[in-house]
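Remarks on the structure that follows.
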Amino acid sequence: SPSPSGTSSSQPVSGGTLTYASGDAEPTCLDPHVGGNYPQALVSTQYLESLVSLDADGTVIPWLADSWTESDDGLTWEFTLVPDVVFTDGTPLDAAAVQANVAHLQDPETASSTGYLALKKVVATEAVSPEVVRFTLSAPDSALLESLSQPWLSIESPTALKRTQDENCAAPVGTGPFVVTDWVKQDSITLERNEDYSSPPADATHEGVAYLEKIVWRFIPESATRYAALQAGEVDVIDNVQPDTIVQAEASDSIRHLDAPRPGASNRIELNSSTVPFNDPLVREAFIRSANVDDAVTSLFQGTAERSYSALSSVEPLGVSAPDLFGYEPDEADGLLDEAGWTERDSDGYRVKDGERLTVRFPVSTNQSIPAEQSLFEQIQATAKETGFDLVLEPMDLSSWYAALAANEYNAVSAPYTKVGPDVLRILYHSSSIVPAPSGYFANLSQVSDPQLDTLLTDASQESDADARAALFTDAQDLLLGGYYLLPLYDQQNHFLLDSEVEGTRALPTVSAPTFYDTWLNR
Amino acid sequence: MSDIEIQAGLGRASGGQSSHPEQRPQRAAGRPGVVEIISALFGLFLVVSALVPTLLAPGDPLGIDPLAAFTPPSAGHWFGTDESGRDIYTRVVHGTGSSLVIGIVATAIGLGLGILLGTAAGMLGRVVDFTVNRFLEVLFAFPGLLLALLFILIYGPGVATATVAVGLSTAPGYARIIRGQLISVRSSSFVEAATVQGLPRWRILVRHILPNTLAPLLVLGTLGIGQAIVWASALSYLGLGAAPPAPEWGAMLSAGRTYITSAWWMSFFPGLFIVLTAVCATTIGRSIERRMRHA
Amino acid sequence: MTAALEVKNLTVGFGGRPGQDPVVQDVSFEVAAGECLAIVGESGSGKSVTARSLLGLAGAHSWVQADAVSITGQSVLGLPESAWRRRRGRDVGLILQDALVSLDPLRPIGREIGDSLRLHTKLSAADRTRRVLELLDSVGLPDGASRIRQRSGQLSGGQRQRALIASAIALDPPLLIADEPTTALDVTVQAQVLELLAEIKRRGNAIVLISHDLAVVSRIADRVAVMSAGRIIETGPTAEVLQNPQHPLTRAMLAAVPVDKPRRTQLSAVPVATIAPRSTVPDGLSVDDYPVRPVVLEASELRRSFRRPDGSRLVAVDDVSFRLHRAETLGLVGESGSGKTTTARLALALETPDAGEVRIFGEPWSAVQEKARRRLRGSVGAIYQDALGSFDPRLTVGDILRHALRAPAGGTTERGGSGHLSTESSQLLDQVGLPSGVLSRRPVDLSGGQRQRVGIARALASRPRILICDEPVSALDVTVQAQVLDLLDELQQELSLSLLFISHDLGVIGHMSDRVAVMKDGRIVETGATADVFADPRHPYTQQLLEAVPRFPQRSR
Amino acid sequence: MAESITDDRPRVRGRVVVAFVLTRLGGALFVLWAVATLTFFALRLIPGDPALAILGGPGSQASPEALEAVRREYGLDQPLFVQYLTQLWRLMMGDLGRSYSLNMDVAPLVGVQLGGTMQLAFLSLALAWLLALGLATWSTRGGKIARSIGSGLEIVAAALPHFWLATVLILLFSIWLGVLPPISTPGIAGLVLPVLTLAIPLAGFLGQVMRESLLTALESPFVLSARARGESERGVRLVHAIRHAALPAISLSGWAFGSLISGAVVVETIFARPGLGRTLLNAVTERDVPVVVGVVMIVAVVYILMTLLTDVASRLADPRLRAA
Ligand SMILES: Nc1ncnc2c1ncn2[C@@H]1O[C@H](COP(=O)(O)OP(=O)(O)OP(=O)(O)O)[C@@H](O)[C@H]1O
Ligand SMILES: Nc1ncnc2c1ncn2[C@@H]1O[C@H](COP(=O)(O)OP(=O)(O)OP(=O)(O)O)[C@@H](O)[C@H]1O
Ligand SMILES: [Mg+2]
Ligand SMILES: [Mg+2]
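Protein sequences, first through last, are from chains A, B, C and D. With the numbering used here applied, the first sequence covers 1 to 523. With the numbering used here applied, the second sequence covers 524 to 818. With the numbering used here applied, the third sequence covers 819 to 1375. With the numbering used here applied, the fourth sequence covers 1376 to 1699.
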């Protein structure tokens, strides 16, 4: 779980500029409503705020909403807002503002993907009073609070939202501790302190304005350069840290490490069950048995990541871990393939059936996989070869990768998915997620189509009783893991290195993005 | 793509052909120097690596050994191991073939196109010359890597695309040199002398013009291979060339750069081989050039 | 009075241990103030190396030994570099052999000339400019104010030579060394430069004049030293050496000079061809008899112009007409740029005339397609000034001759099959006096004279009846030139060749041609039998040319 | 050697200058037109729907209506030829279109990025010049060993791939010695490593060319005649040889600039510098066609200007060219 990095006993001091170096792609829009990806979440956490947040245990806690109630049928929710909160453009935070945000997220013109999905069941909003807003749902949604805690559903100034999308993208207006003052494309974003800030989340360590005066948010794609810049003191915080760098940094006194695995799904390889060869469960199981993931994780991540045996992130309390299903058993894999009819081997040692080689096409999105992960795939390729799988790694840029998926030209694929709460399983494995959007994209990349699983996931998403919900998700995961649709690898890695002068930084337990509200510089 | 143009520059600057071969007796070819011998030996090493890599490195370039990952250079692993425990020396040796092939094929494409355009411009009369020249001018307005990137944008990344892209981007330079060479040879007095002898045009072309135009291409080609390898590896480095885990130098270097602070050998040795190969090609090319000039 | 220059046993070599393989050996001489010593000798005899050594500039990897070298009475042996620098330019001036490239092409000549002043005097910039203008004026480059801003590329050869002289005499050094100051200059310009040197001598400065041109030397030098293979073989007062040479090599050298040598006299000491001279022209045949011989090449009203970079047109050949008869030599003479080469190229149909026509053997030549000409190509051979450049650099002499033999023949004689090619190649070489050993060598590895012979052999391969020779001997030294001229002469008699012989050297033209045509600015200004034209030039330009030709007193036979 | 005496009559000179400017301008316009045309049609070969790319790639949840709207907005529903003419017209008006991925107009984007790249390229060119000139003069001054070292250094420098050199430099100066920042910083310090990375290989190339012409110049008669005038070794180099050494390098600088822009793609990525190279690489991986076209056009303009500049510089430095 996210741990605060600052353990110094000295008093926080106000002032100073913090430079953050991100290895993620530069967002194309600083408003996370538009699209909705992790780089947006990282930066917008500094200037936008959500209705609710999570604490370190995963319990929902108040933020912009003081309190909330759910109707018995689960179809209406009422949120009471914190009083006297003002957006940085002077617009007051009220029920109408929240309504405007929901409308903005649901407007097709906004082209929201993450937020849009999360609000799918919200059919109407209503201002009960200036402080109270009511959501009306088409079906009960046990994940609503978790969804609303995400930065992609943060609340922006309705006045600002009325501007053109370009303007809003360049400088979204929220209630957060910092304000976007400048954005030099392909270089940096400048954030300055919100001097009227008054709305920290319930678990913040102080009140009032932030300590830092300014944050310079830079984009440094090269991981080695990023680390060198941190060492040289040019930047104070870096993200997307490579395992070997973490190991080095941990030996250093002047650098602190913040490990904050992302919630939602674990990193895993999805096996496409809709086509040969993985339409045969035996072959799926054989593949999983033939992949030596444990050794790979040990050597590549050098203790910075734990092997996962679950479809969900280790920060998700409802995750089911099944180590016995995912062990490296090459002998068993051989037997399974023989059983499945892949009995012969060609001159290169690959299995053959009816003249066809046992080929697994694996498009790898170079934008979405860190180098260590790509190395991990290479190691899986090497071990799977011994069993007779021809795992073909096809590195490609993001749009080619999407195109390959849309054309169903893949047998295995790894795609991250970050979302707060176990409801991510419904998005990833419900059969309705096989239906592609007009663009061709779909979330159910294993193409699992199991009515029983569908029912479990739908029920879970509507079950507001915590225990019943947990049970449903457990059943669903047992079904999923037992079907060998996926090979879990490890949590979605989210490591930050901070200069030891940077004190008081923690990752928000929602999507594990760091917040610099409590941060101060001990210089 | 660069050395080629340097050559063009050299030709332009020194007036190309006109300099008399006798003028510099003291810098004659003579015995091969130490550097030339070393380059030749390294060249031999590269050729053996490319043809029978197992002779020099019997191991499997793709064979992983996760528990031996990140071993620094040692007696067991001369160049150390990478993140998956693969032996870097083995990979470098086995990668020679593909790196050389990329360099050679790219240069061949560049030279081939260059010859086509250059001879067309130099031989087919004014209209063609004018057209080809304008076309070359346009191509020159795309700096090498930019042309390669455009090509990759259209045809997608990969070894084949990177090779063709590098080849394409070198072509205008070659074309210009060939055209210049052709024109200077065509108007040289020995070609006139052949006309005076009453040789038919095509005989003059085949017997005098083409051989004298194309002979320097041997040098250009040699020099070009080194540069082509460097540029192709730049594309690999940008993630637009060979895909890992293929033991291609640029790709290895690219993969190794991630670990530069903890495992310098991963990027140092492939990089060193790229540099050495380019140096070796340049030295050999230059010494051929010197010999031809003094021959 | 001390000698301006005294040299005792100067020995110079390159590379290796000092004393090993010297290129200049035991050279000793003295030059007094107001005196001019000429050093003459064939190419490569060590003249320039001697000159450079006198300034401590023998070159990289050189070693110099001497018993004494003193300039204006002070020894300069073993002088440190800094001391040398103070003396160069001030005590001794050097005019380099390659005048055309001895001025920095990137710097205005005013600066180049002013450099000596800048380095050795404390004159202000304005004073320097004034002095440079004076100098320019004194070397005969008037209008100095605009000249000083020009760079060498904007000057003609003669102007460059004079600018170079100006830079060498800027400080009026007591000793001036002039290495071939007149080579590559037109006779008229040459005469001006010599006059300038004479003037300097008259002022009381000592001059060491280096030249391979005895005629030039005879004009100005008081004493002559003859060098051969690095040694001085003969020395004495000019008139004495030229009229009564003692050393056989000096004699051979003198004999080789074509000036005023009648047609058909042999110039070289040794016969070059094995073929016995057999005269085809009866003695006493006069110019008037020529019309009875058939015309082999006829040029009528040729005109050829070129575009200048600024778009205007330059008429290189204007209304040129001439006839070349069987077995005669027509000399074409004129100064640089007068259109000689262009005329030759028109005659060879390498260039198409804008107007006019060339016919050979009465058949159309310039007016037809190259395809049609090919049949007759074998009948017209060519010899070029730059023999080396006219050979494909990849080919050996053998290849060159074999290719030439395979080309369409012009003469009537039948040739054997390809099996005979190598024997015929050897025969050709034999004919031009080369051993068959050169067959396997490349032209680059041959000497200038040998190359020119290969060029002639190649031209002969197709049994031509016409030979067009564009400055065939200008690049050669007198003795080699003599051999080549003799060879051409003999071949003409043997094979009844018709020669169009182009040269800027009146001596060579006078010796070689039956008739002569004088060109100026693209036009033929005078034509006639050589003897007549030389004896009684009509056109003022011809007169000027002939006056400028340096002659030396004929030695008594 | 042909005698070329310049015609100093002002009329003629004026005419020559006007003709020169006109041909150059015509040539430049032609190149720009051809570059625009070539890229326009070449980029039509890219697989995939541009409308989809505009809406955030295939990963987005674009609705058919939105796609339709975008096609209309960007004129993608027009016939190809109409689109081509529209694009040409827009380019002529200085409108480079709108980025698919960056939510902004291309012209201001590349305009901003151009500055960084130009700064990098010019500084690198200047440094490369200094390094090359220094090495060439130093090594031709010393004996045989210095010469071999000099030419060896040049060959090795010329063979260094930018990305490797950058890595080694960062390792050396930022990590081990800790004296220079590995990323672009507002001051000069941040420029040092990127500029070195670009300059060293280029210096190798230029050095080879300079050494060649320097040696030729030093062996030439005009240097001998300068020495005969009493010119010192230093004078010979400063007054005569260096200018000759510089000439071919000047004429190569236009090309060198192009290669620096190629290098900038790598260097800007590694050192996290804003600039055209990084923009281009991003645009290529994002398939952001308008940005690619924009960068291509701006690079073409810069290239044309640079060739013009080097031509003029060559003419200034070498009076022989002026006469022709
Ligand atoms: N720098 C040098 N290194 C080696 N050998 C040289 C050098 N300079 C001259 N020589 C040799 O010294 C000999 C004499 O040369 P030098 O230039 O003095 O001849 P020259 O009498 O001036 O001939 P020319 O009439 O052709 O000018 C020649 O064989 C030449 O090859
Ligand atoms: N191809 C050409 N293009 C332009 N001008 C030319 C060309 N050939 C010759 N000329 C010019 O024509 C004129 C005559 O040249 P040509 O070479 O015939 O003179 P030449 O009498 O042979 O002189 P030289 O004694 O110097 O060889 C010169 O001014 C020359 O610059
Ligand atoms: Mg000489
Ligand atoms: Mg001529």
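Each residue gets a CB set at the ideal place from its N, CA and C atoms; glycine is no exception. The structure presented is a predicted model; accordingly, all values stated were derived computationally and were not measured.
Residue i Cβ short of 7 Å to ligand 4 heavy atom set
i, result
"Thr1159/C", "yes"
"Asp1339/C", "no"
"Glu1289/C", "yes"
Any non-hydrogen atom of ligand 2 within 7 Å of residue i CB
i, result
"Ala1134/C", "yes"
"Phe1124/C", "yes"
"Gly971/C", "no"
"Gly1155/C", "yes"
Identity of the residue in the options nearest residue i by Cα
i, options, result
"Thr1348/C", "Glu1169/C, Glu1153/C, Gly1149/C, Gln1362/C", "Gly1149/C"
"Ala1134/C", "Asn1062/C, Gly1157/C, Ala996/C, Gln1311/C", "Gly1157/C"
"Val616/B", "Ala573/B, Phe593/B, Val628/B, Pro589/B", "Ala573/B"
"Glu49/A", "Ala118/A, Pro200/A, Gln381/A", "Pro200/A"
"Leu393/A", "Ile255/A, Arg284/A, Ser375/A", "Ser375/A"
Cα-Cα separation, residue i to residue j
i, j, result
"Ala804/B", "Ser1476/D", "42 Å"
"Thr114/A", "His33/A", "8 Å"
"Arg813/B", "Val1531/D", "19 Å"
"Leu1495/D", "Gly608/B", "39 Å"
"Ala1070/C", "Asn1062/C", "12 Å"
"Arg1522/D", "Glu1529/D", "11 Å"
"Thr1056/C", "Val1007/C", "23 Å"
"Ser712/B", "Ala1222/C", "15 Å"
"His206/A", "Ala513/A", "18 Å"
Own chain residues within Cβ distance below 6 Å of residue i, not counting five before or after
i, result
"His495/A", "Val241, Ile246, Asp259"
"Val128/A", "Arg134"
Other residues of its chain near residue i: CB distance less than 7 Å, five sequence neighbours each side excluded
i, result
"Ile931/C", "Val950, Leu953, Ala981, Ala984, Ser985, Ala988"
Heavy atom of ligand 1 within 7 Å of residue i beta-carbon
i, result
"Val841/C", "yes"
"Ala878/C", "yes"
"Lys865/C", "yes"
"Gln915/C", "yes"
Residue i beta carbon near ligand 3 (any heavy atom closer than 7 Å)
i, result
"Ser964/C", "no"
"Glu998/C", "yes"
Close Cβ partners of residue i (< 8 Å) along its chain, the five nearest in sequence each way excluded
i, result
"Val1296/C", "Glu860, His1030, Asp1031, Leu1032, Met1071, Ala1074, Val1075"
Would you list, in sequence order, the uninterrupted beta strand (DSSP E) runs of no fewer than 3 residues that lie entirely inside the region 327 to 380 of chain A? Fully enclosed beta strand (DSSP E) runs of 3 or longer: 351 to 353, 359 to 365.
Start-end ranges of the beta strand (DSSP E) lying completely within the region 59 to 117 of chain A, minimum 3 residues: 60 to 62, 65 to 70, 76 to 81
What are the start and end residues of each continuous alpha helix (DSSP H) run of 4 or more residues lying completely inside the region 454 to 505 of chain A, in chain order? 466 to 482
Secondary structure, alpha helix (DSSP H): runs of 4+ residues fully inside the region 575 to 644 of chain B: If we require 4 residues or more, the alpha helix (DSSP H) runs fully inside the region 575 to 644 of chain B come out as 576 to 579.
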